[in-house]
Amino acid sequence: MNGPLSAATIVAALVLAAWFFLRSALDRAPSRFDLLAMAALSALAAVLVVVAAIGLLDGTRPSDPATFAGYLVTTIAFAPAALWLAKLEPTRWGSLILGVGAVVLPVLVLRLQQIAEVTHG
Amino acid sequence: MADRTRTRPRGAALGTGLGRVLLLVYGTFALSASARALVQISTHFAEAPLAYLLSALAGVVYLAATVGLAVGGARGRLIALVSCTIELVGVLVVGTLSIADRVAFPDDTVWSRFGSGYGYVPLVLPFVGLWWIWRHRPEPAGSDRS
Chain A
388 MNGPLSAATI
398 VAALVLAAWF
408 FLRSALDRAP
418 SRFDLLAMAA
428 LSALAAVLVV
438 VAAIGLLDGT
448 RPSDPATFAG
458 YLVTTIAFAP
468 AALWLAKLEP
478 TRWGSLILGV
488 GAVVLPVLVL
498 RLQQIAEVTH
508 G
Chain B
3 MADRTRTRPR
13 GAALGTGLGR
23 VLLLVYGTFA
33 LSASARALVQ
43 ISTHFAEAPL
53 AYLLSALAGV
63 VYLAATVGLA
73 VGGARGRLIA
83 LVSCTIELVG
93 VLVVGTLSIA
103 DRVAFPDDTV
113 WSRFGSGYGY
123 VPLVLPFVGL
133 WWIWRHRPEP
143 AGSDRS
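Protein sequence lines correspond, in order, to chains A and B. The numbering of the first sequence is the working numbering, which starts it at 388 and goes up by one. The numbering of the second sequence is the working numbering, which starts it at 3 and goes up by one.
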């Protein structure tokens, strides 16, 4: 796992989550900027997942590769799923969906790091 | 202002508005509970069979709630109502048992200690879900407001 990249993803996700929750509290639907920001966060998470997947090639495997792979798939898919649902919901609840999506992402990244640390080989 | 929230009629679909937020949260829990149960049961089932089977049950219940919310209508509402009720009972019973009888729960389920491992979301979620379903109860025939 790439430390700085994980940290950047976590910080960006938390900042965006706070912004989305604020937007929802102010009764605002997701703006174009909000949707683009979530797309950017999705891209950042995708880069993190690709880097983590490439990291598997150098021989240090997590001791629980199936769970690690499951989390990789979830991490790459979660933000886009939230983005898709938010696009369907042009109300304050759309902003809340983006907020929930952004706040779950750091949890996924932290779990990925935990699983990656337990290695063998 | 186009940016402002449009309000929907009360009878609008179960899966819109807050219902869509619930859809995302229930979908997430369906995924995490089922995946966790799958790993636990396939790798070390003998360690805590009761806890792992309850994890699997939780996964199925969250999945049913997600489907119910997505389907909507009378049938979806019923599915969501039943699964949210099981979920509420499950989180309360398993939460209490996991504190009272630690031997049966050496490993966590989503519902252990009232879902403390998941930020107590599993405890709050059924209340929000049931409230939302109640709000979307069918209007009595003949009343034509809104």
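Cβ atoms here follow ideal geometry from the backbone N, Cα and C, with glycine treated the same way.
State the Cα-Cα distance for the pair E89 of chain B and A399 of chain A, rounded to the nearest angstrom. Residue 89 of chain B sits at position 87 when you count from the first residue of the second sequence. Residue 399 of chain A sits at position 12 when you count from the first residue of the first sequence. The alpha-carbon atoms of E89 of chain B and A399 of chain A are separated by roughly 33 Å.
Can the beta-carbon of L16 of chain B be found closer than 7 Å to that of G97 of chain B? As a position in the second sequence, residue 16 of chain B is number 14, starting the count at 1. As a position in the second sequence, residue 97 of chain B is number 95, starting the count at 1. Contact flag unset, no.
Taking the Cβ atom as the reference point for each residue, do P417 of chain A and G481 of chain A lie within a distance shorter than 7 Å? Here residue 417 of chain A refers to the residue found at position 30 when the first sequence is read from its first residue. Here residue 481 of chain A refers to the residue found at position 94 when the first sequence is read from its first residue. Going by beta carbons, P417 of chain A and G481 of chain A fall inside the 7 Å limit.
With DSSP collapsed to three states, give me the class of T30 of chain B. In the second sequence, residue 30 of chain B corresponds to position 28, counting from 1. T30 of chain B falls in the helix class under three-state DSSP.
Could you check which residue in A:V505, A:V496 and A:E504 has the C-alpha nearest to that of L431 of chain A? The residue you call residue 431 of chain A lines up with position 44 of the first sequence. Taking only the C-alpha atoms, the option nearest L431 of chain A is A:V496.
Starting from V41 of chain B, find everything on chain A with Cβ-Cβ shorter than 9 Å and list it in chain order. Locating residue 41 of chain B in the second sequence gives position 39, where the first residue counts as 1. Per Cβ cutoff of 9 Å: D451, A453, T454 and G457.
Can the beta-carbon of A93 of chain B be found less than 7 Å from the beta-carbon of P124 of chain B? In the second sequence, counting from the first residue as 1, residue 93 of chain B sits at position 91. In the second sequence, counting from the first residue as 1, residue 124 of chain B sits at position 122. One detail in the question is off: residue 93 of chain B reads as Val in this sequence, not Ala. Yes, they are a contact pair.
Can you check whether the C-beta of E504 of chain A is within less than 7 Å of a C-beta belonging to chain B? Taking the first residue of the first sequence as position 1, residue 504 of chain A is located at position 117. False, the Cβ-Cβ gap to chain B never drops below 7 Å.
Using a threshold of 6 Å, is the CB atom of D109 of chain B nearer than that to any non-hydrogen atom of the ligand PLP? Within the structure as shown, the ligand PLP is missing, as the structure has no ligands at all.
Does the beta carbon of L483 of chain A sit closer than 7 Å to a beta carbon anywhere in chain B? One-based indexing of the first sequence puts residue 483 of chain A at position 96. It does: the Cβ of L483 of chain A has a partner Cβ on chain B nearer than 7 Å.
Do A466 of chain A and S411 of chain A come within 7 Å of each other at the CB atom, strictly closer than that value? Against the first sequence, residue 411 of chain A aligns to sequence position 24. Against the first sequence, residue 466 of chain A aligns to sequence position 79. Against a cut-off of 7 Å, the Cβ pair of A466 of chain A and S411 of chain A comes out as no contact.
Since L472 of chain A meets chain C, which of its residues come closer than 7 Å, beta carbon to beta carbon? Any reference to chain C falls outside this structure, whose protein chains are A and B.
Using the C-alpha atoms, what's the distance from C86 of chain B back to G131 of chain B? The residue you call residue 131 of chain B lines up with position 129 of the second sequence. The residue you call residue 86 of chain B lines up with position 84 of the second sequence. Going from the Cα of G131 of chain B to the Cα of C86 of chain B covers about 6 Å.
Residue from B:L83, B:A58, B:E49 and B:D110 with nearest C-alpha to G70 of chain B: Locating residue 70 of chain B in the second sequence gives position 68, where the first residue counts as 1. When only C-alpha atoms are compared, the closest one is B:L83.
Does the distance from the C-beta atom of A35 of chain B to that of G19 of chain B stay below 7 Å? One-based indexing of the second sequence puts residue 35 of chain B at position 33. One-based indexing of the second sequence puts residue 19 of chain B at position 17. Contact annotation: A35 of chain B and G19 of chain B have beta-carbon atoms that are not nearer than 7 Å.
Whole-angstrom Cβ separation of Q500 of chain A and M388 of chain A, contact assumed at under 8 Å? As a working note, residue 500 of chain A is residue 113 in the first sequence. As a working note, residue 388 of chain A is residue 1 in the first sequence. Q500 of chain A to M388 of chain A, Cβ: 5 Å. Contact.
Where do the N-terminal and C-terminal ends of the alpha helix (DSSP H) with P467 of chain A fall, by residue? Within the first sequence, numbered from 1, the residue matching residue 467 of chain A stands at position 80. Here the alpha helix (DSSP H) through P467 of chain A covers P452 to L475.
Please report whether the beta-carbon of V436 of chain A lies at a distance below 7 Å from any beta-carbon of chain B. Translated into positions along the first sequence, residue 436 of chain A becomes position 49. Chain B, which has no Cβ nearer than 7 Å to the Cβ of V436 of chain A, makes this no.
Can you pull the chain A neighbours of A37 of chain B, defined as C-beta to C-beta under 7 Å? In the second sequence, residue 37 of chain B corresponds to position 35, counting from 1. Neighbours of A37 of chain B on chain A, chain order: G457.
Chain-order list of residues whose beta-carbon lies under 8 Å from that of L401 of chain A (same chain, five-residue window excluded): One-based indexing of the first sequence puts residue 401 of chain A at position 14. The answer, listed in chain order, is A489, V490 and P493.
Mind checking if S148 of chain B is an interface residue toward chain A, Cβ cutoff 7 Å exclusive? Position 146 of the second sequence, counting from 1, holds the residue named residue 148 of chain B. Confidence is the limiting factor: at S148 of chain B the pLDDT is only 47, short of 50, which leaves the residue's position unreliable and the question unanswerable from this model.
Here's the rule: buried if 16 or more other CB atoms are within 10 angstroms of the residue's CB, otherwise exposed. What is I502 of chain A? To locate residue 502 of chain A, count along the first sequence from 1; it is residue 115. Buried, because 16 or more other Cβ atoms sit within 10 Å of the Cβ of I502 of chain A.
With H, G and I counted as helix, E and B as strand and the rest as coil, what does DSSP make of R139 of chain B? Counted from its first residue, the second sequence places residue 139 of chain B at position 137. In this structure, R139 of chain B counts as coil in the three-state DSSP scheme.
Would you say W345 of chain A reaches chain B, if we count a Cβ-Cβ gap shorter than 7 Å as a contact? In the structure as shown, chain A starts at 388 and stops at 508, and residue 345 of chain A therefore has no counterpart that could be examined.
Beta-carbon neighbours of G19 of chain B, restricted to chain A and to distances below 8 Å: The residue labelled residue 19 of chain B in the question sits at position 17 within the second sequence. In chain order: E476, T478 and W480.
Supposed contact pair L99 of chain B and T68 of chain B - C-beta distance, whole angstroms, cut 8 Å: What you label residue 68 of chain B is simply residue 66 of the second sequence in a count that begins at 1. What you label residue 99 of chain B is simply residue 97 of the second sequence in a count that begins at 1. L99 of chain B and T68 of chain B do not touch by the CB rule: their CB atoms are close to 25 Å apart, not below 8 Å.
Can a CB atom of chain B be found closer than 7 Å to the CB of V487 of chain A? Counted from its first residue, the first sequence places residue 487 of chain A at position 100. So, interface residue.
Could you tell me whether any Cβ in chain A is nearer than 7 Å to the Cβ of P140 of chain B? Locating residue 140 of chain B in the second sequence gives position 138, counting from the first residue. False, the Cβ-Cβ gap to chain A never drops below 7 Å.
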